[in-house]
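Here is the structure we will look at.
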Amino acid sequence: MRIEEELRYRRKINPLQFFQSLPQQLKFGLDSIRTKALFGGNRSGKTEKGAEYIINKCRAKPKQRWWACAETFSDSVNIQQRKVWSLIPKTEIKYGFYNEITGFPNRKLLFKNGSIITFKSYDQGVESFASDDEDGIWFDEEPPSEICKESRMRLLDRNGEMIFTMTSTKGITDLIADIFEDYDVIESQFAPHVNETLPRIAEKNGMRFYFLWTTENPYIDQKTVLEEIKLQTYQERKSRIYGMPINLSGKIYMQFNKNIHVRDFDTVPFDNVTLYHILDPHDRKPWAMQWYIIHSTGTSYCIDEYPNRDFNEMISDDKTYDEYARIIREKEEALRDIFGISVHRRIIDPNFGNKTVQLAERIDNKAHTTPKEELKKRGLKFDDGIDALEAGHLKVREVLHYEKKGDEIVLQPKFFITDNCTNTIRHLSRYSRKDIMSSDGDIKDRVGVQEKYKDFSDLARYYFMSNAKHISELKEFRTETKKVY
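Basically my numbering = 1-based index in the sequence shown + 137.
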């Protein structure tokens, strides 16, 4: 009995000592990035982690200044302030005692080391966020975009950090579109209650997103959670169970994981490989190209691409067929120096590759031609790719698939990308469908893909639909050369 009484006393005086982070909460807390978000389903533990996080920040260094912000004053008192009070070591408080009706006096909590937490709410208006300088700001649930923008200015003097903990049920608001759309997937996992793979860690423009799942919280009744899931729509499950903002366009290659699928160039095999070239020509933007090797084991590696700068920032590219042919030969000469082989097969987008284009002047009594014909004249023979969209998506998902047990990968993917192929990495990570929801809230039967990150994703689709195989051939003798990217 004395031991139980002692434990109860210690828990009352220093409850933080008994707080145990869930795996995703722990990853979030250890991440040193300055702006990050913890998206969570209902009762997934996101607010508890936010409270624990800012308490530890204030304890770790004297005279820290943090804002803790909620939607309304009532939410601040009943949720944020209550969570902070339930975790803070009471012996470290200099000023502040929590009251369930009015919260902390003057909305402030002062630590003995001089650190202070000020509790604010969005219903105070943007003006109340327009002064002061802070070491950190915690938004619990989504703030209005103008409050978020004004708050960022409060962090400049102290090089402060901003964290979000929220369940986004408002659709794609201005804030969500700004901070979250076009995100890159870092880690993903299969979510059984929506029967698809969802992100667990993502990032965009230097901001990191972590996802807490309600089904992983051992401190709530999971039987009740399962009963609730039965009554929820598909979109509600994604938002309220898995923390995904609703109405968000679905990633087509959610299995893509930078930590798994992106490799250093020097780690790819240099022997027993066959080289392929894939081309998606255009007339109003640069041609998109990739080069693949396939190893004798059947694993493919995207090892080079064109252009070698951000494809989506290039408005146009007015190169001639001769200039493109020269670029291709220069690329392949460098690859031949490394791998000692020439291109075995070339694949082209069958749509634009066979498009009739006007010649500037009649040649051999012909006024028209196609990109495929023009490239063949220059010694570059291409085969048509197979343009089966959904079958191609499935094929790429199959080669991206991997399985983990703990920290060990027990089933390796069959597709890797070298880190110099930045467009390929960006496009596969962000390739998405258009909004599944119509403007009146109905679910569409057919949902097309967004064009913005389609080009290099299409190249991967053409390659894997070509049923590429390793072909044994003699390797040319070359002085060992490593390409520097």
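Cβ coordinates follow ideal geometry from the N, Cα and C atoms, glycine included.
Please confirm whether Y568 and S594 have their CB atoms less than 7 Å apart. yes
Report all residues from its chain with a CB closer than 7 Å to the CB of S181; omit the five preceding and five following residues, and keep chain order. L349, W350, T351, N354, G380
Same chain, Cβ closer than 8 Å to G343, neighbours up to 5 away in sequence not counted: I170, R171, T172
Just confirm the distance between the C-beta atoms of R291 and D270, as a whole number of angstroms; I'd bet it's less than 8 Å. 6 Å
Distance between K249 and Y232 (C-alpha atoms, nearest Å): 8 Å
Short Cβ contact (7 Å threshold) for Y429 with Y413: yes
Whole angstroms are fine: how far does the CA of E588 sit from the CA of D577? Because D577 carries a pLDDT of 42, less than 50, the predicted location of this residue cannot be relied on, and the following value inherits that uncertainty. Cα to Cα, the separation comes out at about 23 Å.
Beta-carbon separation of T555 and I440 under 7 Å? yes
Alpha carbon to alpha carbon, how far is D486 from G543? Give it in angstroms, no decimals. 40 Å
What are the boundary residues of the alpha helix (DSSP H) that R482 is part of? R482 -> not in any alpha helix (DSSP H); beta strand (DSSP E) instead, spanning 480-485.
Measuring straight from C-alpha to C-alpha, what distance separates W275 and T184? 10 Å
Using CA coordinates, which residue listed in I216, I225, I191, Q217 is at the minimum distance from N102? Nothing in the structure corresponds to residue 102, since the chain is present only between 138 and 622.
Among all the DSSP beta bridges, which residues are the ones paired with L224? Beta-bridge pairing links L224 to no other residue.
Going by the beta-carbon positions, is the gap between E540 and L548 smaller than 7 Å? yes
Three Cβ pairs or more, each shorter than 8 Å: is that satisfied between the region 244-264 and the region 186-199? yes
Might you give, ordered along the chain, the residues of its own chain that have their beta carbon closer than 7 Å to the beta carbon of D272, omitting 5 neighbours on each side? Q201, R202, W203, R295, G297
In whole angstroms, what is the alpha-carbon distance linking D168 and L517? 49 Å
Tell me the residue span of the beta strand (DSSP E) that contains I546. 545-548
Quick one: Cα of I546 to Cα of A174, how far? 27 Å
Q218 and F241 - do their beta-carbons sit closer together than 7 Å? yes
Considering only their Cβ atoms, is the gap separating F256 from A205 smaller than 7 Å? yes
Name the DSSP bridge partner or partners of D277? T302
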